[in-house]
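Since the structure comes first, as structure tokens, the remarks are kept for the end.
There are 2 protein chains.
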Amino acid sequence: MEKITPKTLSGFMELLPKEQILFNKVTEIIKSNYEKFGFLPLDTPIIESSDVLLAKAGGDTEKQIYSVINGDLKEEKSKLSMRFDLTVPLAKYVTLYYPQLTFPFRRYQIGKVYRGERAQKGRFREFYQADIDIIGNEELSLINDAEIPSIIYNIFKELAFGEFVININNRKIMKGLFESLLLQEKSADILRTIDKLEKIGKEKIEIILKDDFNLSTKDIDFILNFANMSGTSAEKLQNLKNLNIENETYKTGVNELESVVENMRKLGVPEKNFNINLTITRGLDYYTGTVYETFLTAHKNLGSICSGGRYDNLADYYTNKKLPGVGISIGLTRLFDQILENNLLAEEKNSITKVLIVPMIENYEVCLNLASTLRKANINTEIYLEQTKFKNKLSYANKLDIPYVIIVGEDEVSGGYYTFKNMQTSEQQQLTLSQILDIFNK
Amino acid sequence: MEKITPKTLSGFMELLPKEQILFNKVTEIIKSNYEKFGFLPLDTPIIESSDVLLAKAGGDTEKQIYSVINGDLKEEKSKLSMRFDLTVPLAKYVTLYYPQLTFPFRRYQIGKVYRGERAQKGRFREFYQADIDIIGNEELSLINDAEIPSIIYNIFKELAFGEFVININNRKIMKGLFESLLLQEKSADILRTIDKLEKIGKEKIEIILKDDFNLSTKDIDFILNFANMSGTSAEKLQNLKNLNIENETYKTGVNELESVVENMRKLGVPEKNFNINLTITRGLDYYTGTVYETFLTAHKNLGSICSGGRYDNLADYYTNKKLPGVGISIGLTRLFDQILENNLLAEEKNSITKVLIVPMIENYEVCLNLASTLRKANINTEIYLEQTKFKNKLSYANKLDIPYVIIVGEDEVSGGYYTFKNMQTSEQQQLTLSQILDIFNK
Chain A
1 MEKITPKTLS GFMELLPKEQ ILFNKVTEII KSNYEKFGFL PLDTPIIESS
51 DVLLAKAGGD TEKQIYSVIN GDLKEEKSKL SMRFDLTVPL AKYVTLYYPQ
101 LTFPFRRYQI GKVYRGERAQ KGRFREFYQA DIDIIGNEEL SLINDAEIPS
151 IIYNIFKELA FGEFVININN RKIMKGLFES LLLQEKSADI LRTIDKLEKI
201 GKEKIEIILK DDFNLSTKDI DFILNFANMS GTSAEKLQNL KNLNIENETY
251 KTGVNELESV VENMRKLGVP EKNFNINLTI TRGLDYYTGT VYETFLTAHK
301 NLGSICSGGR YDNLADYYTN KKLPGVGISI GLTRLFDQIL ENNLLAEEKN
351 SITKVLIVPM IENYEVCLNL ASTLRKANIN TEIYLEQTKF KNKLSYANKL
401 DIPYVIIVGE DEVSGGYYTF KNMQTSEQQQ LTLSQILDIF NK
Chain B
443 MEKITPKTLS GFMELLPKEQ ILFNKVTEII KSNYEKFGFL PLDTPIIESS
493 DVLLAKAGGD TEKQIYSVIN GDLKEEKSKL SMRFDLTVPL AKYVTLYYPQ
543 LTFPFRRYQI GKVYRGERAQ KGRFREFYQA DIDIIGNEEL SLINDAEIPS
593 IIYNIFKELA FGEFVININN RKIMKGLFES LLLQEKSADI LRTIDKLEKI
643 GKEKIEIILK DDFNLSTKDI DFILNFANMS GTSAEKLQNL KNLNIENETY
693 KTGVNELESV VENMRKLGVP EKNFNINLTI TRGLDYYTGT VYETFLTAHK
743 NLGSICSGGR YDNLADYYTN KKLPGVGISI GLTRLFDQIL ENNLLAEEKN
793 SITKVLIVPM IENYEVCLNL ASTLRKANIN TEIYLEQTKF KNKLSYANKL
843 DIPYVIIVGE DEVSGGYYTF KNMQTSEQQQ LTLSQILDIF NK
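Protein chains in written order, with the working numbering: chain A, 1 to 442; chain B, 443 to 884.
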């Protein structure tokens, strides 16, 4: 028989079992925190009608879309597409099931999305996003904007891979500032440029603002000093007020930011874990108020590991209903890739199985019964069922990091006990069933 | 702005939040049982190289494959495909990572697969499979064939949607029987025909066996009586032996079946939950020994809800290594569709959120602190953050089946207590924080 050489496509993460166990732990921490804050689970299809999926897309996004064709049904190339994020499917979902949903609608979705990017290090063509959004019907109170970062704080604290800072800003501040400088027409482009401050540096930004946008040196200095404002959150908020900029959008932005920061504190986010950063604006025009980016202090080069913000209209390309919302997305696959590469999570022994039963007798009855009893006590239990040397059986437990082994031989059966071995310490004890159960229950 | 009408494609399951919570519960029961028996998690890509995915496929399967194209990268139509099951990806995975895996390799995978079937009731184009397989290196002991149905028994017992029977057979029995009747050349076709006995009835099977396969009336009678053998498992096994069929394949099959049944009993599967059924053969030539199908007693029309068996070679289209295995697959989406349609799971109130805090004061500080405290105690807690009437806030809890509401107004704050409302009984109590925590911890 001619053999095909198996391979996995580049840009598609595929993990070994130990890595997968770790990935699932990270996912579980994210999921349980989302649920702790009252978010409902959602699982929309990976394939959607292209019309629906591309209602708002354009430019680079559209180029990266994977189209799907079924040979048999002879569907046209452009009829079906794979989702490229979880936001458009949410917009579709909320519009479609609007009458059956309860608002504010709080949902989380953790799922794979697809982008046909050229494969390169750290770029994935299939990757998980872990999103939460709170969608209001016509309106949504500002206090939700403070709850989102408090969830992020809880997640990254529990994940415990080092110091992190949630950067927070409000797009209305810069927008109002530009209006006051009579630069409102260029405002979106200037914002996009300033968003790159950390990435490309001050000098390059100055050149772009001068050459491409024709700004005066005075305006450039003012804008960049403004964006780079230093101090504590309280000092920055005070500075923003002291500037006495007479523009309503600006004032609203400052007030919103102050209120969000105040409520974040009340929700238990410590001062050291957030930072008012006037340079972040989240490129997309989609966002209209609060915006967030999250950085690991020791790994700023990773970029933002968790971003989002407030938007006025979730689904204006589907519906006339006003559906304001606030949300955030964790790029789980990219984050996990970095966790592995930088060893951000202590490489503890990770096994799901708690105990391996090693039969040393012909008749497996005692072993099978023991396994059933342990499983009924919710102890993940495996029996080594193959005929091989004792050494190989123990080696199996070692390779899989299974913490305990129970040896069942003639002596054990006639003596009415089990030999219980701690694989970490190599300590062996002769124990009864109830003593074994006590060890796992303590 | 021109609106696009949102829709979800037919053949793609998309659930409302309450249904999704139930779906996730079912999935969690399957997952935790798979883990209880020592299976490792796996998550392979949904898109694979077409060469790899279609190495073994052909006929109907190939026609149903979804191809994937990235407009920008101008990939050829047939280069990328979406997986149509979880077995081929497993074969790829085991071959590719063979040196890094520990054998016997026990893995579970719960994931979406894709088949471009014509949309019709109960048929899905995107659906979840929940698979387990145990893969041996060169060999795999028969006792694994008994463990698989004991896992299935534990899952369906815990899911508790009615009586179920795991049908079990061994393909060697029929194969040996046909050899003894000198019908071995037609054996695969006859087996496929007999597999349809329950579906199309005895008369039609007789006609097919006579007209298409040219069998004598005597042989047809013998085969059909054999397939329809009645009695308990013990009686059937005795009957199979009493026939004194002198064929080694047959004898091996009977001995294997006897051993598997004996070990299933030792693993705690009650007699009423399994049945030797000589008609089931699982169509595919892939299976070589034990085969399983599982039926709900009150819903036989659903067909088998969980099927699988033993195979000699997991990956002979990729490798010369002998990788025997045994596994089973639950068609989760189709099963859940039937659960919903037939109301197989009692419609209990399903909410993930345990308590809704309803602020009746301007200053949310007390509410935000309370929420943080409850969440730290692992109680899923939501705050109603919008400004609206009290009635609407309670109605939100009702609609989402949130079991408890904590009301925080001026009286509560000045009195140092909370009004704790049980939404099921409408009972209201004035409680302190520690009394509330006690209620959730008991």
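Backbone N, C-alpha and C define an ideal beta-carbon position, used for all residues, glycine too.
Quantities reported herein were computed from a predicted structural model and do not represent experimental measurements.
With distances taken Cα to Cα, identify the nearest neighbour of A/S32 among B/L842, B/T823, B/F778 and B/L875. Among B/L842, B/T823, B/F778 and B/L875, the Cα nearest to that of A/S32 is on B/T823.
With a cut-off of 8 Å, does the C-beta of A/Q120 fall near any C-beta of chain B? Chain B, which has no Cβ nearer than 8 Å to the Cβ of A/Q120, makes this no.
Would you please state the rounded distance, in angstroms, between the beta carbons of A/I65 and A/S81? I believe it to be under 8 Å. Cβ-Cβ separation between A/I65 and A/S81: approximately 5 Å, consistent with a contact (criterion under 8 Å).
So the candidates are B/F598, B/T635, B/L601 and B/A819; which of them puts its Cα closest to the Cα of B/I881? B/A819 is the residue among B/F598, B/T635, B/L601 and B/A819 whose C-alpha sits nearest the C-alpha of B/I881.
Compute the distance between the beta-carbons of B/I577 and B/G767, then report whether it is under 8 Å. Yes, these two residues count as a Cβ contact at 8 Å.
Rounded to whole angstroms, what's the CA-CA distance from B/Q877 to A/F336? Just pull it up for me. Whole-angstrom Cα-Cα distance: 41 Å.
Name, please, each residue of chain A whose Cβ falls closer than 7 Å to the Cβ of B/L842. In chain order: T102.
Taking a Cβ distance cut-off of 8 Å, strictly less, list which residues of the region 488 to 508 of chain B are near chain A, in chain order. Cβ contacts with chain A: I488, I489, E490, S491, D493, V494, A497, E504, K505, Q506, I507 and Y508.
List, in order along the chain, the chain A residues whose C-beta lies closer than 9 Å to that of B/N466? Within 9 Å Cβ-Cβ: P41 and D43.
Return the chain-ordered list of same chain residues with a C-beta closer than 7 Å to the C-beta of B/F526, the five sequence neighbours on each side being excluded. Non-local C-beta neighbours of B/F526 in its own chain, meaning closer than 7 Å and more than five positions away in sequence, comprise T503, Q506, I507, V555, Y556 and R557, ordered along the chain.
If the cut is a Cβ gap below 8 Å, which residues of chain D does A/R375 touch? In the displayed structure, chain D is absent; the protein chains listed are A and B.
Test: A/V413 CB closer than 8 Å to a CB of chain B: For A/V413, the answer is no, since every Cβ of chain B falls outside 8 Å of its Cβ.
To which residues does DSSP link B/M524 through a beta bridge? When DSSP reads this structure, B/M524 sits in a beta bridge with B/I489.
Measure the beta-carbon distance from A/T290 to A/N170 and round it to whole angstroms, keeping in mind my assumption that it falls under 8 Å. Rounded to whole angstroms, the Cβ separation of A/T290 and A/N170 is 5 Å, and the two are in contact under 8 Å.
Measuring CB atoms only, is the region 150 to 164 of chain A touching the region 116 to 128 of chain A, in the sense that at least three cross pairs come out at less than 8 Å? The region 150 to 164 of chain A, when compared against the region 116 to 128 of chain A, does not touch it at the 8 Å Cβ threshold.
Chain A within 8 Å of B/K445, Cβ atoms only: Taking CB atoms only, B/K445 has a neighbour in chain A less than 8 Å away.
A/Y318 at chain B interface by Cβ criterion, 8 Å: At least one beta carbon of chain B lies nearer than 8 Å to the beta carbon of A/Y318.
If you run the structure through DSSP and keep just helix, strand and coil, what is B/L812? B/L812 falls in the helix class under three-state DSSP.
Are A/P45 and B/L451 touching if we call contact CB-CB under 8 Å? Contact: yes.
Beta-carbon proximity list for A/K175, same chain, < 8 Å, skipping 5 on both sides: Here the set comprises Q184, S187, L191, T249, Y250 and G253.
For the candidate residues A/D51, A/K349 and A/Y384, whose alpha-carbon lies nearest to that of B/G480? Closest by alpha carbon: A/Y384.
Is the distance from the Cβ of B/Y535 to the Cβ of A/I4 below 8 Å? No, these two residues do not count as a Cβ contact at 8 Å.
Between the alpha carbons of B/L679 and B/R752, how many angstroms are there, rounded? One Cα belongs to B/L679, the other to B/R752, and the distance between them is close to 19 Å.
Could you list which residues in chain A have their beta carbon closer than 7 Å to that of B/G710, in chain order? Ordered by position in chain A, the residues that pass the 7 Å Cβ test against B/G710 are S372.
For A/L194, which residues from the same chain have a beta carbon less than 6 Å from its beta carbon, with the 5 sequence-adjacent residues on both sides left out? Going by the sequence as given, residue 194 of chain A is Ile instead of Leu. Cβ neighbours of A/I194 beyond the five flanking positions: A227 and T279.
Alpha carbon to alpha carbon, what distance is there between A/A315 and A/A91? Cα-Cα distance, rounded: 5 Å.
How far does the alpha helix (DSSP H) with A/T27 in it extend, from its first residue to its last? Per DSSP, the continuous alpha helix (DSSP H) segment holding A/T27 begins and ends at P17 to K36.
Could you tell me which residues DSSP pairs with B/P483 in its beta bridges? Paired residues: B/Y550.
Leaving out five residues before and five after B/N792 in sequence, what residues of the same chain have Cβ atoms less than 7 Å from its Cβ? Within the same chain, Cβ atoms closer than 7 Å to the Cβ of B/N792 are found at K460, I463, L464 and D843, the five residues on either side in sequence being excluded.
Taking the continuous alpha helix (DSSP H) assigned at B/T537, which residues delimit it? Per DSSP, the unbroken alpha helix (DSSP H) holding B/T537 starts and ends at T529 to L538.
Hey, how far is the Cα of B/S771 from the Cα of B/E470? Taking the straight line joining both Cα atoms gives about 15 Å.
Can a CB atom of chain A be found closer than 8 Å to the CB of B/S583? Yes, because at least one Cβ of chain A sits closer than 8 Å to the Cβ of B/S583.
Are the beta-carbon atoms belonging to B/N681 and B/S622 less than 8 Å from one another? For the 8 Å CB-CB criterion, B/N681 and B/S622 do not form a contact.
Please go through the region 257 to 294 of chain A and give each complete beta strand (DSSP E) segment of 3 or more residues, from N-terminal end onward. Runs found: 274 to 276.
Comparing alpha-carbon positions, which option in B/D493, B/K467, B/M455 and B/K796 lies nearest A/E2? For the residues B/D493, B/K467, B/M455 and B/K796, the minimum Cα distance to A/E2 belongs to B/D493.
Interface residues of chain B around A/T8 at Cβ under 7 Å? Residues of chain B passing the Cβ test: P487 and L538.
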